[in-house]
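To start, the structure under review is shown below, and the notes come after it.
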Amino acid sequence: MDLETLLSYEWGIMTPEFIILGVATALSLMDLFMPKSQSRKILGWVGFAGILAALVSLMGLIGHSPESILFDTFRLDSFAKAFKLLLLIGSAMVLLIAIGYEPNEGLEEFRGEFFYLFMAALLGAMIMSSSGDLITLFVGLELLSISSYILAGMRKRNLHSNESAMKYVINGSIATAITLFGMSYVYGLTGTTNLKEMSGFLTSIYNEQHIYLLGLAFFMIVVGLSFKLATAPFHMWAPDVYQGAPTPVTAFLSVVSKTAGFIIVIRILFSIFANAPSGDVQGLPMILALQDYIAFLAGATMIIGNLIALRQRNIKRLFAYSSIAQAGYLLVVIASMSLFMFDTLWFYLGAYLFMNLGAFAIIQQVTHKSGSEDISQFAGLYRRAPFLAIAMAIFLLSLAGIPGTAGFIGKLNIFMGALVPNEGHYVLVSIMIATTVVSYFYYFGVMVQMFFRPAADADTGKVKIPAALTAVIGISLAATILFGIAPNIAFDFLQGNFNQFTDFFQ
Numbered sequence: 000m001d002l003e004t005l006l007s008y009e010w011g012i013m014t015p016e017f018i019i020l021g022v023a024t025a026l027s028l029m030d031l032f033m034p035k036s037q038s039r040k041i042l043g044w045v046g047f048a049g050i051l052a053a054l055v056s057l058m059g060l061i062g063h064s065p066e067s068i069l070f071d072t073f074r075l076d077s078f079a080k081a082f083k084l085l086l087l088i089g090s091a092m093v094l095l096i097a098i099g100y101e102p103n104e105g106l107e108e109f110r111g112e113f114f115y116l117f118m119a120a121l122l123g124a125m126i127m128s129s130s131g132d133l134i135t136l137f138v139g140l141e142l143l144s145i146s147s148y149i150l151a152g153m154r155k156r157n158l159h160s161n162e163s164a165m166k167y168v169i170n171g172s173i174a175t176a177i178t179l180f181g182m183s184y185v186y187g188l189t190g191t192t193n194l195k196e197m198s199g200f201l202t203s204i205y206n207e208q209h210i211y212l213l214g215l216a217f218f219m220i221v222v223g224l225s226f227k228l229a230t231a232p233f234h235m236w237a238p239d240v241y242q243g244a245p246t247p248v249t250a251f252l253s254v255v256s257k258t259a260g261f262i263i264v265i266r267i268l269f270s271i272f273a274n275a276p277s278g279d280v281q282g283l284p285m286i287l288a289l290q291d292y293i294a295f296l297a298g299a300t301m302i303i304g305n306l307i308a309l310r311q312r313n314i315k316r317l318f319a320y321s322s323i324a325q326a327g328y329l330l331v332v333i334a335s336m337s338l339f340m341f342d343t344l345w346f347y348l349g350a351y352l353f354m355n356l357g358a359f360a361i362i363q364q365v366t367h368k369s370g371s372e373d374i375s376q377f378a379g380l381y382r383r384a385p386f387l388a389i390a391m392a393i394f395l396l397s398l399a400g401i402p403g404t405a406g407f408i409g410k411l412n413i414f415m416g417a418l419v420p421n422e423g424h425y426v427l428v429s430i431m432i433a434t435t436v437v438s439y440f441y442y443f444g445v446m447v448q449m450f451f452r453p454a455a456d457a458d459t460g461k462v463k464i465p466a467a468l469t470a471v472i473g474i475s476l477a478a479t480i481l482f483g484i485a486p487n488i489a490f491d492f493l494q495g496n497f498n499q500f501t502d503f504f505q
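Residues 0 to 505 in numbering that gives the first Met the number 0 are what the sequence shown lists, from first letter to last.
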């Protein structure tokens with residue numbers, strides 16, 4: 000590539016990524032030269048300011064027409080802009096949680112590493128959302144994954160953290176190998192790594208053996224990415240990692256990393272397999288012919304996540320299984336493939352972002368004060384910290400899908416979307432309703448502890464809330480209620496600024 004070609008690209012569409020990259024580099028240098036005795040919280044505030052700057056630059060690109068540079072390896076379309084918005088908002092709130100994090104086992108000496116590794120993980124997720132090529136998709140995925148492995152094991156003197164990091168690395172490496180193997184089949188059949196070129200080439204495949212290999216590639220990619228999403232039966236790592244990782248990392252994995260996982264699933268499945276032949280007698284595209292397998296994964300994930308959550312006493316493990324169940328609800332969106340699939344997915348991920356991060360901010364504060372992650376530590380919270388108890392109750396009601404919350408609107412959209420197709424997914428919808436009812440038992444169990452059980456320790460004092468956590472809880476609370484009462488605010492913004500994702504397939 001000559002200099003003239005390089006300068007001809009419109010690099011402005013990568014401004015958010017350049018900002019995050021620059022801030023990550025600056026944080027690593029600042030951490031290197033800062034005295035060891037100086038608090039690293041300033042690095043968190045610098046990272047937070049960097050994310051806000053990237054968010055402002057992204058808002059400036061919302062009206063930008065679809066553009067691709069670097070031989071179509073980086074695309075700025077409505078899909079990329081909409082999901083980067085979620086990634087940046089979620090990451091900003093996770094950073095606030097991290098700034099307010101005061102661990103008991105002495106994480107201070109590694110705190111600087113946390114902030115720039117976090118920015119690197121965010122950069123990987125953003126690259127994935129704009130990738131138009133398998134190579135850039137994979138690079139973004141690994142940048143996110145490797146950073147997440149290290150973040151999960153940041154508490155080096157904590158045995159649970161060490162165990163969680165080891166399990167995460169092993170499971171993640173296996174998932175990466177399976178995903179890459181599936182990608183190699185698609186590359187071997189098409190001779191290109193560009194998603195758009197792949198899609199055009201696969202429409203003309205008629206050889207039965209080639210279609211068979213493409214089907215194998217589909218299954219390997221879905222299985223590999225299912226590990227990343229923590230969907231059943233590939234969810235085994237999630238509870239241990241959520242429990243062992245520092246609470247801000249757990250919040251990051253449950254929201255930002257999960258959003259990135261669904262981004263790569265959509266990019267690959269609907270760019271490559273939407274037009275690929277399946278070889279069946281009806282002539283359906285491969286993704287439609289095999290959607291029942293995605294529906295099976297969705298059903299199994301909802302059942303396993305919600306049923307096992309009933310037996311959990313550790314609050315972070317409970318939220319791990321809740322996160323698994325939520326991934327099942329989101330898979331219902333993909334399995335149904337309705338006309339409003341992208342809108343529904345975006346809204347639910349946004350609602351999940353606020354209600355889950357708000358809950359984790361409260362979990363961090365309560366567990367830090369008590370020194371235990373047992374659900375019993377929430378006993379009597381209403382008397383010790385009424386604001387935290389009421390806020391936590393609203394987040395739990397939203398996760399359960401109770402009317403008046405953003406979670407209810409999200410689940411209602413999923414429910415309606417699954418019934419819209421001519422052959423509605425009635426079994427899948429029935430499973431979703433049944434498992435949602437099951438989730439009431441463990442969500443309401445936490446509420447019973449907060450409002451109807453006395454505190455286990457009579458000397459337990461009032462819970463003081465740091466300003467950073469207060470901001471996260473307040474923003475999350477306002478968004479959860481606002482989008483539950485007036486969801487059209489979000490949908491009007493989405494449809495008015497992102498062209499209903501019509502440029503995704505262009």
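Cβ coordinates follow ideal geometry from the N, Cα and C atoms, glycine included.
- Of the candidates 164, 407, 113, 113 places its Cα closest to the Cα of residue 94.
- Unbroken alpha helix (DSSP H) stretches of 4 residues or longer found wholly inside the region 227-279: 236-243, 246-251, 257-271, given in chain order.
- Look at the region 62-101 and you find these whole runs of alpha helix (DSSP H), each 4 residues long or longer: 77-98.
- Apart from the 5 residues on each side of it in sequence, residue 488 sits with its Cβ closer than 8 Å to the Cβ of 481, 482 in its chain, given in chain order.
- From the listed residues 158, 192, 34, 155, the smallest Cα separation to residue 138 is found for 192.
- Annotated three-state conformation of residue 373 is strand, per DSSP.
- Counted as a single uninterrupted DSSP element, the alpha helix (DSSP H) harbouring residue 317 occupies residues 314-335.
- With fewer than 16 other beta carbons inside 10 angstroms of its own, residue 71 counts as exposed.
- According to the DSSP secondary-structure assignment, residue 132 is paired through a beta bridge with 193.
- Residue 378 is a Cβ neighbour of residue 448, given a cutoff of 7 Å.
- In the three-state reduction of the DSSP assignment, residue 15 falls in the helix class.
- Counting of Cβ neighbours within 10 angstroms places residue 170 among the buried residues, the total reaching 16 or more.
- Excluding its 5 nearest sequence neighbours in each direction, residue 297 has C-beta neighbours in its own chain below 7 Å: 327, 330, 331, 334, 427, listed in chain order.
- Apart from the 5 residues on each side of it in sequence, residue 241 sits with its Cβ closer than 6 Å to the Cβ of 249, 315, 319 in its chain, given in chain order.
- Counting along the chain, the unbroken alpha helix (DSSP H) around residue 412 starts and ends at 405-418.
- Between residue 442 and residue 387, the C-beta spacing is not below 7 Å.
- Between residue 394 and residue 446 a beta carbon distance of about 10 Å is seen, past the 8 Å cut, so the two are scored as non-contacting.
- Between residue 308 and the set 190, 436, 403, the nearest pair of CA atoms involves 436.
- Three or more beta-carbon pairs separated by less than 8 Å link the region 469-478 to the region 349-363, which places the two stretches in contact.
- Excluding residues up to 5 positions away in sequence, 201, 202, 204, 205, 210, 282, 284, 285 lie with their Cβ nearer than 8 Å to the Cβ of residue 276 in the same chain.
- Under the three-state reduction of DSSP, residue 284 is assigned to strand.
- One Cα belongs to residue 219, the other to residue 150, and the distance between them is close to 27 Å.
- Around the beta carbon of residue 423, fewer than 16 other beta carbons sit within 10 angstroms, so the residue counts as exposed.
- Judged by DSSP secondary structure, residue 438 falls within the alpha helix (DSSP H) whose first and last residues are 425-451.
- Counting only the Cα atoms, residue 347 lies some 10 Å from residue 325.
- Of all C-beta pairs linking the region 71-90 to the region 227-241, fewer than three are shorter than 8 Å, placing the two stretches out of contact.
- Taking C-beta atoms as the reference points, residue 18 and residue 49 count as a pair closer than 7 Å.
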